[in-house]
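All remarks here apply to the structure that follows.
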Amino acid sequence: MSKFRKKMIKYLQTFWGCLAFGVLMFAIFLITDLTDASLNTLGWRDWLGSVAGATILSVGMFTLNKLNLK
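Residue numbers (the numbering used here): 1 to 70.
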């Protein structure tokens, strides 16, 4: 792998990297919700679903990083 790719993977496995990944996933989930509704018509379930999905992905990524699977 290239040096840049290794550096990016190492950064994404830190707390701040997982947090940034979670924010990115939240934005992607919201954009997906916005394909069929406008922003002011999104319900609390849409927002909660986006937050929950992004949280599950980022916490799972961070937890898998901390496991010692050698």
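C-beta: ideal position from N, C-alpha, C; glycine also.
Please check the pair residue i and residue j, which I expect to be a contact at CB under 8 angstroms, by giving their CB distance rounded to whole angstroms.
i   : j   : result
G22 : L57 : 7 angstroms
Report all residues from its chain with a CB closer than 7 angstroms to the CB of residue i; omit the five preceding and five following residues, and keep chain order.
i   : result
T96 : Absent from the model: residue 96. The displayed extent of the chain is 1 to 70, so no value can be given.
Y11 : G17
In or out: residue i buried (at least 16 other Cβ within 10 Å) or exposed?
i   : result
A54 : buried
F26 : buried
S2  : exposed
F29 : buried
S38 : exposed
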